[in-house]
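For reference, the structure is listed below as structure tokens.
Residue numbers (full-length UniProt numbering): 1 to 158.
What follows is the structure, encoded as structure tokens:
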């Protein structure tokens, strides 16, 4: 169930912190949807998610045309996450906050990627994402999902 949001809570922050990728959904000028994976993103504050524009000309063009966006984040092992909706704006080097936001992202990740712009999303709605197993099989546990995912991906815990 999607809910209006005063602020992102610790569960959402933890999901953002644990996610390897997020998926940014935008709409182009012809009203066609576009989804693009993003690798460098972070919880900035209780209302804001930052995404680095590394190679996202389509997403940026779409946001300039229509700032309404949706971001999905999923912990691939637990198979739970969040769908976040809000409005985005493009922060570039002419914006006074640009250096601080780039520094924030590079300190969390790396400075190996050139960050051309920062996509700043004000989150106003959130909804949990659950793998269908949780809905159709009530005895599904996070530990069982992790075990199954590790087997499927051929990885082992540290």
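Each residue gets a CB set at the ideal place from its N, CA and C atoms; glycine is no exception.
Applying the criterion that 16 or more other CB atoms from any shown protein chain within 10 Å of the CB defines a buried residue, is residue 73 buried or exposed?
On the chain shown, residue 73 is found 73 positions in, with the first residue counted as 1. The residue in question, residue 73, is buried, as its Cβ has 16 or more Cβ neighbours within 10 Å.
Where does residue 77 land, buried or exposed, given buried means 16+ other C-beta within 10 angstroms?
Counting from one through the chain shown, the residue named residue 77 turns up at place 77. So residue 77 ends up on the buried side.
Extract the residue ranges of the beta strand (DSSP E) inside the segment 60 to 127, only unbroken runs of 3 or more that lie entirely within it.
68 to 75 and 80 to 91
Should the segment 102 to 114 be regarded as contacting the segment 57 to 72, the criterion being three or more beta carbon pairs within less than 8 Å?
no
Which of helix, strand or coil DSSP assigns to residue 16
Locating residue 16 in the chain shown gives position 16, counting from the first residue. In the structure shown, residue 16 sits in a helix (DSSP, three-state: H, G or I).
Three-state class that DSSP yields for residue 25 in the structure shown
In the chain shown, residue 25 corresponds to position 25, counting from 1. Residue 25 falls in the strand class under three-state DSSP.
In whole angstroms, what separates the C-alpha of residue 145 from that of residue 156?
Taking the chain shown and counting its residues from 1, the one referred to as residue 145 is at position 145. Taking the chain shown and counting its residues from 1, the one referred to as residue 156 is at position 156. Residue 145 and residue 156: Cα-Cα distance of roughly 13 Å.
Taking the runs of the alpha helix (DSSP H) that are 4 residues or longer, which of them lie wholly in the segment 27 to 57?
none
Closest residue to residue 14 among 143, 38, 44 and 101 (Cα-Cα distance)
What you label residue 14 is simply residue 14 of the chain shown in a count that begins at 1. The option with the nearest alpha carbon to residue 14 is 44.
Helix, strand or coil at residue 5 [DSSP, three-state]
Translated into the one-based positions of the chain shown, residue 5 becomes position 5. Residue 5: coil per DSSP, three-state reduction.
Is any beta-carbon of chain D found at less than 9 Å from that of residue 157?
This model lacks chain D altogether, as it is built from one protein chain only.
Our contact map puts residue 127 next to residue 3 with C-beta atoms below 8 Å; I'd like the distance itself, whole angstroms only.
Along the chain shown, one-based indexing puts residue 127 at 127. Along the chain shown, one-based indexing puts residue 3 at 3. Rounded, the Cβ-Cβ distance is 7 Å, consistent with contact.
Excluding the 5 residues flanking residue 5 on each side, which residues of the same chain have their C-beta closer than 7 Å to its C-beta?
As a first step, residue 5 must be located in the chain shown, where it is residue number 5. The answer, listed in chain order, is 123, 124, 125 and 126.
Just to confirm my understanding: we take residue 18, look at its own chain, exclude 5 residues before and 5 after, and list those with CB closer than 6 Å. What are they?
Taking the chain shown and counting its residues from 1, one reaches residue 18 at position 18. Correct list, in chain order: 75.
Tell me, to the nearest whole angstrom, how far the beta carbon of residue 115 is from that of residue 48; I am working on the premise that it is less than 8 Å.
Position 115 of the chain shown, counted from the start, is the residue given in the question as residue 115. Position 48 of the chain shown, counted from the start, is the residue given in the question as residue 48. The pair is not a contact, with the Cβ atoms about 16 Å apart (cut-off 8 Å).
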